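Read left to right, the sequence shown gives residues 1174 to 1797 (the numbering used here).
Backbone N, C-alpha and C fix where the C-beta goes; we use that ideal spot for every residue, glycine too.
Since the structure is predicted, the reported quantities are computational estimates derived from the model, not experimental observations.
Take a look at the structure below.
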Amino acid sequence: MTQDMCNLVSFGLKKKGGRQTGLAEQQLNVRCSNATERQNRGNERRKSPLEVERRTPAGENRESAAALPQRNMAITVATSTLPQISLSGLKCEDIKRNGFHNRRETKGPGTAVASKQPRQESYEQAPMYVAVMTYLGFGIVTLFGYFRDFLRAVGVEKRNIAQEREEQKDFVPLYQDFENFYTRNLYMRVRDNWNRPVCSLPGPVFDLMERVSDDYNWTFRLTGRTIHNAINMGSYNYLGFAENNADFLKTVAAKTQQYGVGVCSTRQELGTLSIHEELEQLVASFLKVESSMTFGMGFAVNSMNIPAIVGKGGLILSDELNHTSLILGARLSGATIRVFKHNNMHSLEKMLKEAVCSGQPRTHRPWKKILIMVEGIYSMEGSVVRLPEIIALKKKYKAYLYLDEAHSIGAVGPSGRGVTELFNVNPSDVDVMMGTFTKSFGAAGGYIAGKKDLVDYLRGHSHSAVYAAAMSPPVAEQIIRAMKCIMGSDGSTEGIRRVRQLAENTRYFRARLKEMGFIIYGNDDSPVVPILLYMPGKVVAFAREMLERKIGVVVVGFPATPITEARARFCLSASHSRAMLNQVLRHMNEVGDNLCLKFSRLKYSSCPDLCDETDFDSGSLYDP
1174 MTQDMCNLVS
1184 FGLKKKGGRQ
1194 TGLAEQQLNV
1204 RCSNATERQN
1214 RGNERRKSPL
1224 EVERRTPAGE
1234 NRESAAALPQ
1244 RNMAITVATS
1254 TLPQISLSGL
1264 KCEDIKRNGF
1274 HNRRETKGPG
1284 TAVASKQPRQ
1294 ESYEQAPMYV
1304 AVMTYLGFGI
1314 VTLFGYFRDF
1324 LRAVGVEKRN
1334 IAQEREEQKD
1344 FVPLYQDFEN
1354 FYTRNLYMRV
1364 RDNWNRPVCS
1374 LPGPVFDLME
1384 RVSDDYNWTF
1394 RLTGRTIHNA
1404 INMGSYNYLG
1414 FAENNADFLK
1424 TVAAKTQQYG
1434 VGVCSTRQEL
1444 GTLSIHEELE
1454 QLVASFLKVE
1464 SSMTFGMGFA
1474 VNSMNIPAIV
1484 GKGGLILSDE
1494 LNHTSLILGA
1504 RLSGATIRVF
1514 KHNNMHSLEK
1524 MLKEAVCSGQ
1534 PRTHRPWKKI
1544 LIMVEGIYSM
1554 EGSVVRLPEI
1564 IALKKKYKAY
1574 LYLDEAHSIG
1584 AVGPSGRGVT
1594 ELFNVNPSDV
1604 DVMMGTFTKS
1614 FGAAGGYIAG
1624 KKDLVDYLRG
1634 HSHSAVYAAA
1644 MSPPVAEQII
1654 RAMKCIMGSD
1664 GSTEGIRRVR
1674 QLAENTRYFR
1684 ARLKEMGFII
1694 YGNDDSPVVP
1704 ILLYMPGKVV
1714 AFAREMLERK
1724 IGVVVVGFPA
1734 TPITEARARF
1744 CLSASHSRAM
1754 LNQVLRHMNE
1764 VGDNLCLKFS
1774 RLKYSSCPDL
1784 CDETDFDSGS
1794 LYDP
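As structure tokens, then:
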């Protein structure tokens, strides 16, 4: 099947309103179904346990060609009636007037699957003048940067940054020109807002060491003073388990005395202890899967395990906002990488259909494996993966799903089991479940979970398992302690109380920020709350103003974000009290007024209106 034939959907088979003709759709579905069968036959030769058999019973394999279109046109996931959604006071008429992004896809070729997201996601666009002023601001500082480079070249201004020697001018440059220019002329001017030294526990409040610079942030010196009890709004301490309560840490201290703090060996040699096996059994039980494997470093879980799962001749479909560890792992694998738009099911299905119909470039042979890589919660956007739709597409096109739950495990779901519990989907529908212990569990490391065959395969083929040192025993005990607390197996209700407190804090903080007029991104259930600041000068002023008010925040700008979407990222915690949040909100309101940061044009009220989850642009969901 050629690419042109698969593209008939977008070129020759559309009527007014984006609906295809019945005959043409049947022809396309028959051909794509035949291509899918060829893809399945090409995958007979398995190379890893991830590639499990996914054949239908013998009776279903004898379906006639005439029955295939009806099967493919059927709704992939059966859903009940659409739920009613609370939009935190967002008025329906304001949604229509100001272009609020309802993330449901109700027109055009798609999966025909209703979203099961329990809450709305908002991505309001800023007024045009904000974008213009943002580009103008970057343009001005860039021009001044070139002027300062000229002054350095003629010897008027001192060179502070490292540079290559004159005798090496013919060598390949060690530094990329633009990155070096950006660092010395833009980032260096505002470097005081990052890498601040912390001298206490990263709990709901923490202490910062005061520092000053005498050379415009090229170097810093400590003053000896300490900023005490600043409210911590930047750490990933979602459930508050990064704590120093001696009563809670008795078991961790006991394991430290029993095992020490280091293993000094890999898991395959002498590094597997009984506490590691206990932890892996507990993780599998918590996630409701067959087996799991733990690692000492969260970043390496992705970067070192993805190459063991997929390789040359495979296809990776990656969300455009995936974390760097996922991107690095995909590049190291040698597989072909294609990027689909963030949380866009139309874009993902188009790529899946093209991959199944066309196969590999030039040879058109079937892909050995198609792997979809997504995150549970995206750490810069605060958005939640559209898991039910992705699972439906995965099953429809016989692909595999890799789910990174670094920010979602422990933080969402009625009992903290992540996005699979949030959407009430079967964990076995996710082929590879990955997560980290560095956030909700207050520890270090990460895990891979799924079928036992997959985990056993990775024990012998993963670079993290073969070459990396085993997890420190006290760290393993801290994870066990926190996980048992969440599950309630320690005999207390403290864990579930923290999960519910985090959800309450998240909804309250997001709702109040919307009422104030800030533009925030993400899902209402996400404890990651990005507040859009846009202009580079306001990003710097915001961070400094909040620190003056003893509130520690994280600000992020280009190149970590798009150039026009610089932001402050707040991370909520179950350990934040309502008084702390109110104090932060009060200062946010003042700083927002002083710096003119309230760009939202949507109107919210303190009494939420209940609105049906419909397409507000088209009126009724049931319009023909």
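What number of angstroms, rounded off, separates the C-alpha of GLY1710 from the C-alpha of LEU1770?
When rounded, the separation of the alpha-carbon atoms in GLY1710 and LEU1770 is 12 Å.
Cβ-based neighbour list, GLU1718, same chain, cut-off 6 Å, excluding 5 preceding and 5 following:
Hits under 6 Å: VAL1764.
Between the beta-carbon of GLU1562 and the beta-carbon of MET1518, is there less than 7 Å?
Inclusion of GLU1562 and MET1518 in the CB contact set at 7 Å is warranted, their separation being smaller than that value.
Could you check whether SER1773 and GLY1695 sit closer than 7 Å to each other, using their CB atoms as the reference points?
Taking 7 Å as the Cβ cut-off, GLY1695 and SER1773 do not qualify as a contacting pair.
Measuring only the C-alpha atoms, how far is PRO1732 from PRO1539?
Between PRO1732 and PRO1539, the C-alpha separation is close to 37 Å.
Based on the DSSP secondary-structure assignment, which residues constitute the bridge partners of CYS1744?
Bridge partners of CYS1744: VAL1701.
Going by C-alpha distance, which of GLY1486, GLY1487, ILE1479 is nearest THR1497?
Nearest option by C-alpha distance: ILE1479.
Could you check the C-alpha separation between LYS1526 and SER1520 for me, to the nearest Å?
Just so you know, the alpha carbons of LYS1526 and SER1520 end up roughly 10 Å apart.
Pick from PHE1311, ARG1398, GLY1413, GLN1298 that is closest to ASN1678, judged by C-alpha positions
Closest by alpha carbon: GLY1413.
Using three-state DSSP, classify LEU1770 as helix, strand or coil.
LEU1770: coil per DSSP, three-state reduction.
Please look up how many angstroms separate the CB atoms of ARG1511 and LEU1488, rounded, as I've assumed it's under 8 Å.
Taking a contact as a CB-CB distance under 8 Å, the pair ARG1511 and LEU1488 counts as one, their CB atoms being some 7 Å apart.
By DSSP, does THR1666 sit in helix, in strand, or in coil?
Looking at THR1666 - three-state DSSP - the assignment turns out to be coil, as it is neither helix nor strand.
Pair within 7 Å by beta-carbon distance, THR1467 and LEU1452
Yes.
Where are the beta strand (DSSP E) runs, 3 residues long or more, that stay fully inside the segment 1525-1608, in chain order?
For the segment 1525-1608, whole beta strand (DSSP E) runs of length 3 or above, ordered along the chain, are 1542-1548, 1573-1577.
What three-state label does DSSP hand SER1635 in the structure shown?
DSSP, read as helix, strand or coil, puts SER1635 in coil.
Can you name, in chain order, every residue of its own chain whose Cβ lies under 7 Å from the Cβ of LEU1631, other than the five neighbours on each side?
In chain order, MET1466, ASN1478, ALA1481, ILE1621, ALA1638 place their CB closer than 7 Å to the CB of LEU1631, counting only its own chain and leaving out the 5 sequence neighbours on each side.
Buried or exposed by the 16-neighbour rule on C-beta atoms within 10 Å, applied to VAL1327:
The residue in question, VAL1327, is exposed, as its Cβ has fewer than 16 Cβ neighbours within 10 Å.
Are the beta-carbon atoms belonging to GLN1757 and ILE1400 less than 7 Å from one another?
Per the sequence presented here, residue 1757 reads as Val, with Gln not at that position. No; because the gap between Cβ atoms is not below 7 Å, this pair is not in contact.
7 Å CB neighbourhood of GLY1633 in its chain, flanking five on each side removed:
The beta carbon of GLY1633 sits closer than 7 Å to none of the beta carbons in its chain outside the five residues before and after it.
Are there three or more Cβ pairs, one per stretch, closer than 8 Å when the segment 1697-1710 is compared with the segment 1580-1587?
Taking 8 Å as the limit for Cβ pairs, the verdict is that the segment 1580-1587 does touch the segment 1697-1710.
Given VAL1592 as reference, the closest of ARG1654, VAL1605, LEU1576 once Cα atoms are compared:
VAL1592 has its Cα closest to that of LEU1576, out of ARG1654, VAL1605, LEU1576.
Using 7 Å as the threshold, is the C-beta distance between PRO1600 and LEU1460 below it?
Contact: yes.
Excluding five sequence neighbours on each side, which residues of the same chain lie with their C-beta closer than 6 Å to the C-beta of GLN1290?
Reliability of the predicted coordinates at GLN1290 is poor, the pLDDT of 47 falling under 50, and the value obtained from them is presented with this limitation in mind. In its own chain, leaving out the 5 sequence neighbours on each side, no residue places its CB closer than 6 Å to the CB of GLN1290.
Cβ separation of MET1656 and GLY1469, assumed to be a contact under 8 Å, to the nearest whole Å
The pair is not a contact, with the Cβ atoms about 17 Å apart (cut-off 8 Å).
Closer than 8 Å by C-beta to GLN1431: which residues in its own chain qualify, once you throw out the five before and the five after it? Chain order, please.
If we look at GLN1431 and ignore the five residues flanking it on each side, its Cβ neighbours are PRO1646.
How would you label PRO1377, buried or exposed, when you count the other beta carbons within 10 angstroms and need 16 or more for buried?
PRO1377 comes out buried.
Rounded straight-line distance, which links the Cα of PHE1513 to that of ASP1766
Near 38 Å, if we compare the C-alpha coordinates of PHE1513 and ASP1766.
Between LYS1342, SER1386, VAL1547, which has its C-alpha nearest ASP1604's C-alpha?
By alpha-carbon distance to ASP1604, the top candidate from LYS1342, SER1386, VAL1547 is VAL1547.
Neighbourhood of ASP1602 by C-beta, 6 Å cutoff - its chain only, sequence neighbours within 5 removed:
Annotation for ASP1602: ILE1564 place their beta carbon closer than 6 Å to its own, counting only its chain and skipping 5 residues before and after.
Endpoints, alpha helix (DSSP H) assigned at HIS1449:
Counting along the chain, HIS1449 sits inside the alpha helix (DSSP H) bounded by residues 1447-1460.
Below 7 Å between beta carbons: does that hold for THR1737 and ALA1304?
Taking 7 Å as the Cβ cut-off, THR1737 and ALA1304 qualify as a contacting pair.
Local conformation of MET1466 per DSSP, three classes
For MET1466, the three-state secondary structure derived from DSSP is strand.
Cβ of ILE1693 within 7 Å of Cβ of LEU1686?
Cβ distance < 7 Å, so ILE1693 and LEU1686 count as in contact.
Taking the alpha helix (DSSP H) that ILE1479 belongs to, which residues open and close that run?
Per DSSP, ILE1479 belongs to the alpha helix (DSSP H) from 1471-1482.
GLN1651: buried (16+ other C-beta within 10 angstroms of its C-beta) or exposed?
GLN1651 counts as buried, since at least 16 other C-beta atoms from the protein chains shown sit within 10 angstroms of its C-beta.
Start-to-end residues for the beta strand (DSSP E) that takes in THR1509:
Segment 1509-1513, the beta strand (DSSP E) holding THR1509.
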